[in-house]
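To start, the structure under review is shown below, and the notes come after it.
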Amino acid sequence: MSSSPHQAPQAQAGAGSWTAEQFWLLLDKADRRFARVRDLPLFGRREPDEYGKAFRIYTQLWRMQQEHRSRLLDAGLRRWQVGEIAARIAHLYYSQYQRTSDTALLSEAFVFYHAVLDRAYFLADADHLAPTKHLRFLARFLLVALLLARRVHTVPRLAAHIRTLLDDSKKILQEAEYKEWKHVVQEITRFLRADSPFMNMRPLRYSYTFDPTPDMLPTVPPTVKKRGLVLSDAMLCSYYQNEVKFTDLTIDVFRMLQCLEWDPCGSFALSNGYSTHDEGGQIQPNLLKDLRDAALPPNPLKTILYRPSVTHFLTVLATKCEELPSNGMMLIYLSGAGEVGSSGPCPDTNDMVVNSFRKFDISNTSTMSLKEDNGLCIWLGCREGEGSNCIYPCDLIPFTRKPLFLVIDSNVSYSFKAGLFNLIFSSQATINMEYFLWDIYI
């Protein structure tokens, strides 16, 4: 099965006889494939077949318009349609990055998005293109540029494009659409303002420019490294009211995400990956061999959840734990507010653990509510839906059968640190305590 994006360009297209009608039929088929891919979940180690099928179809379309551009233009093909094909290839690469955390795929997406912008595919046919389609393209490109830390030139340019296009389209857009995009512009402004202090700092990702080579990094002695665990998966979840975010990417998850990645390097001599003077559409969708570095281990698979229900959060966590490799370790990053009025100084964790033992008496047979014992929780959504929007320490207990590394970024983080110990040492819990103590990392 050839479903990886860097294998898709191997599909043969454009060879032999063809007609413009075949191109339009293939374009309709590609639209349907793209819709299916867009609705797929972004977690799970098994790569869906739809990705490979969508890449092959869009590669065929791209090669056909490269080889027969003039004839297709005579048949009614417009420049914005060429740009949309390239933008969708970029979006497919970005979707694959979300599934695999391979930053080389993110760089591939950047190349295609940058080509569409520099060649003005959408601006050339602005009269025939809905402003919302152009705005979505710019917003997606902006997100990719942010993830690649292209803050100096590309990000300000895209933000200015979005503001200008929205102002120019005010009379065309419906009132609801205009308000929605105005809110997006405000989100972008807040996000960039919050991230500005980091512009002149070293990147959050591992970088050959600032960090020692992997061979020079300290290693764990064999006598200590009993299990040989590798950080293979991560779940990043954040929710605060009125928090700084762009789309579903909050500022804290944005920084955490980059801390868990290697910088794409390899033969990283390509700054843009293509020539801006090449107007023939000769973008080669196979730069991965130049961006990957065999000396670096793969990035952990990351799943980002924004405002999930607790049911969805636990479903995703269960799926990832089920697929965790035998030597893999899961990182869970939870960022959110606790109970109202609980923002005071945290009590001493040791005192909490010691006091918790006094609650448990081996002769006590009375039942005890785990959630009541845990006390505080983290809110993953609005407070109207109590129970479905908050997560307690005991909710994570079933998943400690796998090696976990918990990062709780909250004013009630102490409740998770002490609460898990309370449950593990509870006389009501029939669990192997040595197993838990080995596998829990707090």
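Start counting the sequence shown at 1382; every next residue gets the next number (the numbering used here).
Glycine residues also receive a C-beta, built at the ideal position from the N, C-alpha and C atoms.
Given the structure is predicted, the values throughout are model-derived calculations rather than measurements.
For this session: Keeping to the same chain, check which residues put their C-beta closer than 6 Å to that of Ala-1468; ignore five residues upstream and five downstream.
Result: Taking the first residue of the sequence shown as 1, we reach residue 1468 at position 87. Answer for Ala-1468: Val-1497, Phe-1518, listed in chain order.
Problem set entry | Nearest-angstrom beta carbon gap, Gly-1762 and Ser-1369 [assumed within contact, 8 Å] | There is no way to answer for residue 1369, as the model of the chain reaches only from 1382 to 1823.
For this session: Let me know if Gln-1403 comes out buried or exposed under the rule of 16 or more other beta-carbons within 10 Å of its beta-carbon.
Result: Stepping through the sequence shown from its first residue, residue 1403 is reached at position 22. That one is exposed.
Problem set entry | Paired residues, beta bridge with Leu-1686 - DSSP | Locating residue 1686 in the sequence shown gives position 305, counting from the first residue. DSSP, once it has assigned bridges, lists Cys-1618 as partnering Leu-1686.
Exercise. Looking only at its own chain, which residues have a Cβ that is under 7 Å from the Cβ of Thr-1657, when we skip the five neighbours before and after it?
Worked result: By 1-based counting over the sequence shown, the position of residue 1657 is 276. Reliability of the predicted coordinates at Thr-1657 is poor, the pLDDT of 33 falling under 50, and no value is obtained from them.
Exercise. What first and last residue would you give for the alpha helix (DSSP H) that runs through Val-1625?
Worked result: Residue numbering aside, residue 1625 sits at position 244 when the sequence shown is read from its first letter. Here Val-1625 belongs to no alpha helix (DSSP H), and DSSP marks it neither H nor E.
For this session: Taking all protein chains shown into account, decide if Cys-1618 is buried (16 or more other Cβ within 10 angstroms of its Cβ) or exposed.
Result: Taking the sequence shown and counting its residues from 1, the one referred to as residue 1618 is at position 237. The residue in question, Cys-1618, is buried, as its Cβ has 16 or more Cβ neighbours within 10 Å.
Problem set entry | Helix, strand or coil at Tyr-1714 according to DSSP, with G and I counted as helix | Position 333 of the sequence shown, counting from 1, holds the residue named residue 1714. If DSSP states are grouped into helix, strand and coil, Tyr-1714 belongs with the strands.
For this session: Report the option in Tyr-1475, Thr-1440, Pro-1678 whose CA atom is closest to the CA atom of Glu-1489.
Result: Within the sequence shown, the letter at position 108 stands for residue 1489. Ranking Tyr-1475, Thr-1440, Pro-1678 by Cα distance to Glu-1489 puts Tyr-1475 first.
Problem set entry | Same chain, Cβ closer than 7 Å to Lys-1683, five either side skipped, listed in chain order | Residue mapping note: residue 1683 aligns to position 302 of the sequence shown, counting from 1. Only Ser-1482, Ala-1615, Leu-1617, Leu-1638, Leu-1641 meet the Cβ criterion.
For this session: Could you pull out every residue in the same chain whose Cβ sits closer than 7 Å to the Cβ of Val-1611, ignoring the five residues on either side in sequence?
Result: As a working note, residue 1611 is residue 230 in the sequence shown. For Val-1611, where only same-chain residues beyond five positions count, the Cβ hits under 7 Å are Asn-1708, Gly-1709, Met-1710.
For this session: Taking Leu-1786 as the reference, give the member of Ser-1613, Arg-1688, Ala-1520, Asn-1770 with the closest Cα.
Result: Counted from its first residue, the sequence shown places residue 1786 at position 405. Residue identity differs from the one stated: residue 1786 is Phe in this sequence, not Leu. Ranking the options by Cα distance to Phe-1786, first place goes to Ser-1613.
For this session: List in chain order: all unbroken alpha helix (DSSP H) runs of 4+ residues lying wholly within the region 1523-1587.
Result: 1535-1549, 1556-1576
Exercise. Is the distance from the Cβ of Ile-1438 to the Cβ of Arg-1419 below 8 Å?
Worked result: Your numbering for residue 1438 matches position 57 in the sequence shown. Your numbering for residue 1419 matches position 38 in the sequence shown. No, these two residues do not count as a Cβ contact at 8 Å.
Exercise. With 16 other CB atoms within 10 Å as the buried threshold, where does Leu-1442 fall?
Worked result: Locating residue 1442 in the sequence shown gives position 61, where the first residue counts as 1. Answer is buried; the Cβ neighbour count reaches 16.
For this session: Confirm, please, whether the CB-CB distance from Ile-1789 to Leu-1715 is below 8 Å.
Result: Counted from its first residue, the sequence shown places residue 1715 at position 334. Counted from its first residue, the sequence shown places residue 1789 at position 408. Yes; because the gap between Cβ atoms is below 8 Å, this pair is in contact.
Exercise. Assuming Phe-1579 and Phe-1627 make a contact with CB atoms under 8 Å, what is their CB distance in whole Å?
Worked result: Stepping through the sequence shown from its first residue, residue 1579 is reached at position 198. Stepping through the sequence shown from its first residue, residue 1627 is reached at position 246. In fact, because the Cβ distance is near 15 Å, the residues do not count as touching under 8 Å.
For this session: Please report how far the alpha carbon of Asp-1430 lies from the alpha carbon of Tyr-1478, in whole angstroms.
Result: On the sequence shown, position 49 is the one that residue 1430 refers to. On the sequence shown, position 97 is the one that residue 1478 refers to. If I take the Cα positions, the gap works out to 16 Å.
For this session: Indicate whether at least one CB of chain C lies closer than 8 Å to the CB of Ile-1543.
Result: Looking for chain C here will not work: only one protein chain is present.
For this session: Going by CA-CA distance only, name the one from Lys-1514, Leu-1528, Ile-1569, Glu-1568 that's closest to Ile-1553.
Result: Here residue 1553 refers to the residue found at position 172 when the sequence shown is read from its first residue. The candidate whose alpha carbon is nearest that of Ile-1553 is Lys-1514.
Exercise. CB-CB under 8 Å to Leu-1546, same chain, minus the five flanking residues each way: which ones, in chain order?
Worked result: On the sequence shown, residue 1546 is found 165 positions in, with the first residue counted as 1. Pro-1512, His-1515, Leu-1516, Leu-1519, listed in sequence order.
Problem set entry | Range covered by the beta strand (DSSP E) that runs through Ile-1789 | The residue labelled residue 1789 in the question sits at position 408 within the sequence shown. First-last of the beta strand (DSSP E) with Ile-1789: 1785-1790.
Exercise. Should Ala-1471 and Tyr-1494 be called a contact, given that it needs their Cβ atoms to be closer than 8 Å?
Worked result: Residue mapping note: residue 1471 aligns to position 90 of the sequence shown, counting from 1. Residue mapping note: residue 1494 aligns to position 113 of the sequence shown, counting from 1. Yes. Within cutoff.
Exercise. Under a Cβ-count criterion, where at least 16 other Cβ atoms within 10 Å of its own Cβ denotes burial, should Arg-1480 be classed as buried or exposed?
Worked result: Counting from one through the sequence shown, the residue named residue 1480 turns up at place 99. With 16 or more Cβ atoms within 10 Å of its Cβ, Arg-1480 is classed as buried.
Exercise. Nearest-angstrom Cα distance between Leu-1539 and Phe-1522?
Worked result: Counted from its first residue, the sequence shown places residue 1539 at position 158. Counted from its first residue, the sequence shown places residue 1522 at position 141. Cα to Cα, the separation comes out at about 8 Å.
Problem set entry | Assumed close pair Val-1536, Leu-1527 - CB separation to whole angstroms, cut-off 8 Å | Here residue 1536 refers to the residue found at position 155 of the sequence shown. Here residue 1527 refers to the residue found at position 146 of the sequence shown. Rounded, the Cβ-Cβ distance is 6 Å, consistent with contact.
Exercise. Buried or exposed: where does Gly-1457 fall if 16 or more other Cβ atoms within 10 Å of its Cβ makes it buried?
Worked result: Here residue 1457 is taken as the residue at index 76 of the sequence shown, counted from 1. Its Cβ having fewer than 16 others within 10 Å, Gly-1457 is exposed.
For this session: Could you tell me if Asp-1445 is buried or exposed, where buried requires 16 or more neighbouring beta carbons within 10 angstroms of its beta carbon?
Result: Here residue 1445 is taken as the residue at index 64 of the sequence shown, counted from 1. Here residue 1445 turns out to be Met, not Asp, going by the sequence shown. The residue in question, Met-1445, is buried, as its Cβ has 16 or more Cβ neighbours within 10 Å.
Exercise. Asn-1770: buried (16+ other C-beta within 10 angstroms of its C-beta) or exposed?
Worked result: The residue you call residue 1770 lines up with position 389 of the sequence shown. Looking at its Cβ environment, which holds 16 or more other Cβ atoms inside 10 Å, Asn-1770 is buried.
For this session: Assuming Asn-1792 contacts Ala-1718 (C-beta within less than 8 Å), just tell me the rounded distance between them.
Result: Within the sequence shown, numbered from 1, the residue matching residue 1792 stands at position 411. Within the sequence shown, numbered from 1, the residue matching residue 1718 stands at position 337. Indeed they touch by this definition, with Cβ atoms about 7 Å apart.
Problem set entry | Per-residue burial, Lys-1701 [other beta carbons within 10 Å of its own, 16 or more giving buried] | Here residue 1701 refers to the residue found at position 320 when the sequence shown is read from its first residue. Burial call: buried.
Exercise. Quick one, are the C-beta atoms of Glu-1704 and Arg-1452 less than 8 Å apart?
Worked result: Residue numbering aside, residue 1704 sits at position 323 when the sequence shown is read from its first letter. Residue numbering aside, residue 1452 sits at position 71 when the sequence shown is read from its first letter. No, these two residues do not count as a Cβ contact at 8 Å.
Exercise. Within this structure, are the beta carbons of Leu-1486 and Val-1525 separated by less than 8 Å?
Worked result: Walking along the sequence shown from the start, residue 1486 turns up at place 105. Walking along the sequence shown from the start, residue 1525 turns up at place 144. Going by C-beta atoms, Leu-1486 is not nearer than 8 Å to Val-1525.
For this session: Return the CA-CA distance between Tyr-1773 and Val-1566, expressed in angstroms with no decimal places.
Result: Position 392 of the sequence shown, counting from 1, holds the residue named residue 1773. Position 185 of the sequence shown, counting from 1, holds the residue named residue 1566. Those two C-alpha atoms are separated by around 35 Å.
Problem set entry | From Leu-1686, Pro-1678, Asp-1576, residue whose alpha carbon lies closest to that of Ile-1632 | The residue you call residue 1632 lines up with position 251 of the sequence shown. Cα-wise, what sits closest to Ile-1632 is Asp-1576.
Exercise. How big is the Cα-Cα spacing for Ile-1685 and Ile-1569?
Worked result: Along the sequence shown, read from residue 1 onward, the residue named residue 1685 stands at position 304. Along the sequence shown, read from residue 1 onward, the residue named residue 1569 stands at position 188. Cα-Cα distance, rounded: 19 Å.
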